[in-house]
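Notes follow the structure.
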Amino acid sequence: MIIEFESSNVDLNPTKIVALARNYKAHANEMGSPIPEEPTIFLKPPSSLMGNGGVVILPLVSRRVDHEVELAVIMKNRCHHVSREKALEHILGYSVLVDVTARDMQAEAMKKGISWAVAKGFDTFAPLGPRIIPAIALDPQNCDIWLKVNGNIKQRGNTREMIFSIDALISHISTIMTLEPMDIIATGTPEGVGPMENGDTIEAGIEGIGTLTFTAHREEH
Numbered sequence: 030m031i032i033e034f035e036s037s038n039v040d041l042n043p044t045k046i047v048a049l050a051r052n053y054k055a056h057a058n059e060m061g062s063p064i065p066e067e068p069t070i071f072l073k074p075p076s077s078l079m080g081n082g083g084v085v086i087l088p089l090v091s092r093r094v095d096h097e098v099e100l101a102v103i104m105k106n107r108c109h110h111v112s113r114e115k116a117l118e119h120i121l122g123y124s125v126l127v128d129v130t131a132r133d134m135q136a137e138a139m140k141k142g143i144s145w146a147v148a149k150g151f152d153t154f155a156p157l158g159p160r161i162i163p164a165i166a167l168d169p170q171n172c173d174i175w176l177k178v179n180g181n182i183k184q185r186g187n188t189r190e191m192i193f194s195i196d197a198l199i200s201h202i203s204t205i206m207t208l209e210p211m212d213i214i215a216t217g218t219p220e221g222v223g224p225m226e227n228g229d230t231i232e233a234g235i236e237g238i239g240t241l242t243f244t245a246h247r248e249e250h
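Going left to right, the sequence shown walks through residues 30 to 250 as the working numbering numbers them.
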């Protein structure tokens with residue numbers, strides 16, 4: 030079954046969004062970060078979810094808000110300490126997610142050595158859509174992935190370029206925390222991350238899934 034998100038609302042009700050930092054070598058290089066030896070995970074709150082056709086709010090407290098297009102994995106059932114061999118059996122399907130990031134706030138938090146969850150957790154900072162494709166209908170490790178701002182290509186890659194594969198990610202994450210039905214794993218972004226400005230139109234797509242579209246608007250005083 031294909032689940033469509035043709036409004037700004039997402040009714041999955043996940044308990045968490047588990048996201049990956051630096052899961053593409055080219056992105057790690059552009060950020061000046063070392064290639065991780067194991068998955069680097071962080072959490073985004075479910076309240077940051079937004080559906081297709083919505084509006085990302087650029088908060089007044091941030092001077093730079095970036096786009097990061099990612100393949101999203103939606104979990105089918107509860108799993109804990111799952112093996113890599115069994116991991117893919119727990120997937121409901123796949124979608125497109127943009128991990129919106131207040132980059133200046135993230136940089137400041139990293140400089141201070143504190144958590145940068147605040148840079149990832151604003152409302153509307155996790156657009157998801159336009160649909161969930163059943164797991165059986167997609168080869169998740171060989172999909173072109175891209176993002177355009179105002180029609181201009183900014184990010185382009187392929188999911189085969191991931192450092193840690195999806196089965197490895199699920200197995201690793203499930204040893205740390207139980208994954209519940211409808212939980213979302215954002216699997217990392219290819220190179221080309223960059224800022225969004227007031228009035229921008231963003232199109233984020235993955236081969237075999239479709240194109241997620243939204244606009245960006247500055248928060249009003």
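Ideal placement from N, C-alpha and C gives every residue a C-beta, glycine not left out.
Cβ distance (whole Å) where residue i is taken to contact residue j below 8 Å
i	j	result
Val111	Ser203	5 Å
Ile162	Tyr123	5 Å
Ile235	Val102	So it is not a contact: roughly 12 Å between Cβ atoms.
Arg189	Pro219	Going by Cβ atoms, the distance from Arg189 to Pro219 rounds to 11 Å, so no, they are not a contact pair.
Gly83	Thr153	7 Å
Leu100	Thr216	5 Å
Val47	Asp212	7 Å
Ala148	Leu126	Wrong, their Cβ atoms sit about 16 Å apart, outside the cutoff.
Pro210	Lys73	Their Cβ separation, rounded to whole angstroms, is 18 Å, which puts Pro210 and Lys73 out of contact at 8 Å.
Arg113	Asp168	So it is not a contact: roughly 17 Å between Cβ atoms.
Gly221	Cys172	Contact flag wrong, Cβ pair sits at about 16 Å.
Residue of the options minimising C-alpha distance to residue i
i	options	result
Ala146	Pro63, Asp133, Arg189 and Pro156	Asp133
Arg107	Ala116, Leu100, Ala101 and Glu99	Ala116
Val94	Phe151, Pro219 and Pro43	Phe151
Arg247	Gly234, Thr230 and Lys140	Thr230
Ser77	Asn58, Ser200 and Thr44	Thr44
Ile64	Val222, Asn52, Asp173 and Leu198	Asn52
Glu249	Thr240, Asn227 and Ile238	Asn227
Phe71	Ala55, Leu49 and Asn58	Leu49
Leu157	Gly239, Val222 and Pro68	Gly239
Asn58	Pro159, Lys140, Ile192 and Arg92	Ile192
Ile205	Asn187, Pro68, Ser144 and Lys54	Pro68
Proximity of residue i and residue j at Cβ, strictly below 8 Å
i	j	result
Thr207	His119	no
Leu198	Ala233	no
Sequence ranges, alpha helix (DSSP H) only - wholly within the segment 163-232, length at least 4 = Uninterrupted alpha helix (DSSP H) stretches at least 4 residues long and entirely within the segment 163-232 occur at 195-205, given in chain order.
Do three or more CB pairs link the segment 83-92 to the segment 167-180 at distances below 8 Å?
-> No contact exists between the segment 83-92 and the segment 167-180.
Ranges of the alpha helix (DSSP H) found wholly within the segment 39-124, counting only runs of at least 4 | Within the segment 39-124, the complete alpha helix (DSSP H) runs of at least 4 residues are 54-59 and 113-116.
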